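Position one of the sequence shown corresponds to residue 537 (my numbering), numbered consecutively onward.
Don't be surprised by glycine CBs; every beta carbon is placed ideally from N, CA and C.
From a predicted model like this one, the values you see are computed outputs, not experimental measurements.
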Amino acid sequence: MIRIPLRPLAKILPARTRGENPDAIERENTRIRSEATRDRARKRAEGRLLVMGLAFVAVFTVVGVRMGTLAASEPKEPRAAINNGIHAQRADIVDREGRVLATNLVTHALYAQPPMMVDPVGTVDKLVKIFPDLDHDRLMKDFTGSRKFVWIKKKISPEQMQAVHDIGEPGLLFGPREMRLYPNGAVAAHILGGSRFGAEGVNSAEIVGTAGVEKEFDGWLRDPANNGAPLKLSIDLTIQSALEEILDGGMKLMNAKGATAILMQAHTGQIVAMASLPDFDPNKRPRPLTTGDASDSPLFNRAVQGLYELGSTFKIFAVAQALQMGLVTPNTIVDSQSPMRIGRFKIRDFHNYGAHLSVIDVIKHSSNVGTAHIVEMFGPEKQKEFLGKLGFLKPTSVELIEAETGQPQLPPKWTDVSAMTIGYGHGLAASPLHLAAAYATIANHGIRVEPTLLAGVNKGHGERVMSDQVAKEALALMRIVVTRGTASYGNVKGYEVGGKTGTADKVKPTGGYYDDKVIATFAGVFPISDPQYVLVLTLDEPSDNSGSIPRRTAGWTAVPVAAEVIRRVAPLLGLRPHAAVDELAGINVAKDPNNKTVADE
C-alpha cells in the first residue's frame, strides 16, 4: 500500500506562495488517513462476523439434524465392541449341483473360571455326567488348583448347553462358536479332508483346513473378499454316494483290504466321483498313524497317495505308442513264445498263447511276452518320453493337498529290461488317478487331460500325445478286451464299455513281492463309440472265494465291481443305453473259420 505524505511539497510550496498556512494541509491529510484506517478496520470486523455467523449456522444445523435422527430412531442399549482379531467365517463347499458338502454351524464353547466357582467339586461330578469323555481327576485338579481359566469343551450341542445351564454354576461360561459341519458324514471324506480350530479366543475361533480341499483352498475359503461365495466342486453328491456304496460292497464281497475308484469326465478331466476305502467321518476325523503302514489308516487316500504297480492296464500304452510310431498295426504279428529270455531274466504269460499273436490278441489275451516284444521295438528312452507325456513321471495336478505326495516310483535305471516290465505294468508305481488321467487322454482323441476337482474347469486342452486315429484304435482294442477278452464281466449291456484289466503282485514294504497278494485294477472308458467317462477301480488284496480255489485276478474281482458301478451310475449321468457295435475305428472284428478271433482293417 502506498502511503501519502502528510506534508507533500507539491502542496506546501504553492500554499506558502499564496500566503496560506501549511499546517492546514497536514491536518487535512491526517484526517483523510484516519478515516481510511477506520474504514478498513470496520470492513475486517464485518468479514469476521460474517464467517463466525456462517460457522454457527452450520454447527447448529448439524446438531439439529442429528437430534432429529436420534428422536426418530429406536432406543438401543449401548454395547461395547469386542474385536479379538479372529475371523471365524468360512465359505461353504458344494457339489456341481450346489448341494452342500461342508458348511458352518453356530454353536458354543464351554470354559470355566475356577476363582468364580461356588462348588468346584460338585461341578466336576455334574460335568462328567453330561460329558462322559471328560477326565474326572484332571478336571478336579484344574478346578481346585491355581488355574484361572480352563477350556472344557470347544463345541457343545444346544442340549448339552442347557444341561450345563441347569447346573447353575457361575464359574461355567459359554463362548460363541462356528463349527465346521459335514452333513453327509463320510461321503467324499477324502476329497473334503476335514478342518479344525486354529487361533481361538473366548468369543470366537477360526476354522482352518487340515486335509483335502479344505486344506488346499484354506486361504480362499477364509477370504472375506469372496463375499461368502461357496467353493463349487466337480463331484456329484448322488453319484459319489452310489460309487462309495458299491465300492464298499465290492470290497467286502471280494475280501479286499482296501479299494479306490475314480469316475472322470473324459474330455474335461472333471472328477465326478472319487472314493477311497476304508474312509472316515470328517466330523470326527481320526488321528493319523504314527507307526506302521500309512495305508492302514482310514485317512490314507488310495486314489492319489496310493502308489501301485498297476499291471496290464499299462499294456494299452505300449501298443498305442507303437501304433503312433508306425511300428505296428492292429493285426501285426508279434512273437509271443513264453517264456521270453532276456539275459538272466524270464518273462512269462499267465497262459501259453502260442508262438505268435496279433497286436489285437496281445491286448485281448493280455500277453506279457507280446507286450515286451512291442516295447523292444522302441526302447526305454522313447517309452520314458511317451509315459512322461501321459503324466506318469510326476504327481498329478489335482487340487488336493495330498496330491504332491503321489510322486510315481520310477526305476533307478530305465534299462531295456525295465522298459519291458513297465510295458506290462511292473517296475513303475503310480496312483490310480494317474491311470485315470492317462486313459482319459486316449478317450480325448489323444490330447492330454489333467484331473480337476473344480466345477466348470476344463483341463482337456493339453498337448497332443497321440493322433486321433491311434486313440480310436486303442479304444477299439479296449472294447475287444471287454467283449472277448479278460474283462468280459464288464460288458454292461447298452453302455459299450471298453477297458483293460491289470493284476499285479503286491510289493512288500521290505522289498520283493507277496506270493498271494495282488493289486487288481480295471480301467475303463464308456461309451466307447463316443467316450464320455473314464472309470478306474482298484482293489487292494482282493480274493474271490466263491469257488473251490481263491481267484485274485482283476477279471474275477475288480471287473464285476466296476461293471456294477457303471450299471448304477450311467443312468444317473444321463447316458441312454443303446445297441453296441463291433466295428470301431476301422477295425472289424470277426471270426475266422477256425473260430479264432481275427481283425481286418
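key: Residue closest to S903, alpha-carbon to alpha-carbon, out of E1077, T1039 and A577   = T1039
ask   = Residues in its own chain within less than 8 Å of F928 by CB, not counting five upstream and five downstream?
value = P944, L964, A966, H970 and A974
message = Three or more C-beta pairs under 8 Å: does that hold for the stretch 665–672 against the stretch 755–771?
response = no
key: Nearest candidate by alpha-carbon position, reference F853, set A797, K920 and M787   = K920
query = If you draw a straight line from the C-alpha of T804 to the C-alpha of A778, how long is it?
reply = 22 Å
request  = Would you mind reading off the limits of the beta strand (DSSP E) that contains T659?
outcome  = No beta strand (DSSP E) holds T659; the alpha helix (DSSP H) holding it covers P656 to I666.
message = Measuring only the C-alpha atoms, how far is F850 from V723?
response = 30 Å
task = Would you list, in sequence order, the uninterrupted beta strand (DSSP E) runs of no fewer than 3 residues that lie entirely inside the stretch 712–798?
result = 730–736 and 741–747
request  = With a floor of 4 residues, list each alpha helix (DSSP H) that falls wholly inside the stretch 919–979, ordered by position along the chain.
outcome  = 952–959 and 968–979
ask   = Skipping 5 residues on each side, what residues in its chain have a beta carbon closer than 7 Å to that of V511?
value = Residue numbering for the chain in the displayed model covers 537 to 1137; residue 511 lies beyond these limits and cannot be assessed.
query = What do you reckon, are the CB atoms on L728 and G748 nearer than 8 Å?
reply = yes
query = Since M676 is in the alpha helix (DSSP H), which residue starts that stretch and which ends it?
reply = H672 to T680
ask   = Out of curiosity, what's the CA-to-CA distance linking S1065 and E752?
value = 37 Å
message = I want to know whether the stretch 821–832 touches the stretch 1004–1024 - three or more CB-CB distances under 8 Å.
response = no
key: Pair within 8 Å by beta-carbon distance, I983 and H997   = yes
ask   = Rounded to a whole number of angstroms, what is the C-alpha to C-alpha distance between E498 and Q873?
value = Any property of residue 498 remains undetermined from this structure, which presents the chain solely from 537 to 1137.
request  = For I878, name the three-state secondary structure that DSSP assigns.
outcome  = strand
Backbone CA spacing between N640 and V738 [nearest angstrom] = 18 Å
query = Measuring CA to CA, which of I807, A802, V744 and A581 is closest to S775?
reply = According to the sequence displayed, residue 775 carries Ile and not Ser. Nearest of I807, A802, V744 and A581 to I775, Cα basis: I807.
task = Identify whether S1079 lies in helix, strand or coil by the three-state DSSP scheme.
result = coil
ask   = In or out: F881 buried (at least 16 other Cβ within 10 Å) or exposed?
value = exposed
request  = Ignore the nearest five residues each way along the sequence and tell me which others in K1042's own chain have a CB closer than 7 Å to its CB.
outcome  = Y1049, Y1050, K1053, V1054, I1055 and E1077
ask   = Taking three-plus beta-carbon pairs below 8 Å as touching, is the stretch 951–961 in contact with the stretch 892–912?
value = yes
ask   = Taking the C-alpha atoms as reference points, what is the distance between R563 and D575?
value = 19 Å
Coil, strand or helix - L637 by DSSP = strand
task = Find the nearest neighbour of Q1068 within the set M800, K677, E935 and E750, judged by alpha-carbon distance.
result = M800
request  = Consult DSSP for E835 and reduce its assignment to one of helix, strand or coil.
outcome  = The sequence as given places Leu at residue 835; Glu does not occur at that position. Correct three-state label for L835: coil.
key: Identity of the residues DSSP links to T1057 by a beta bridge   = G1038 and T1074
ask   = Taking just the CA atoms, how far does S570 sit from R552?
value = 25 Å
key: Three-state class that DSSP yields for R602 in the structure shown   = helix
request  = Go ahead and pull the three-state DSSP assignment for E556.
outcome  = coil
task = Note the first and the last residue of the continuous alpha helix (DSSP H) segment covering A830.
result = A830 -> no alpha helix (DSSP H), and no H or E assigned at all.
inquiry  = Taking its Cβ as the centre, do 16 or more other Cβ atoms sit within 10 Å of W1092, making it buried, or is it exposed?
reply    = buried
request  = With M697 as the anchor, note down where its alpha helix (DSSP H) starts and where it stops.
outcome  = P694 to I703
request  = State the Cα-Cα distance for the pair K684 and D784, rounded to the nearest angstrom.
outcome  = 49 Å
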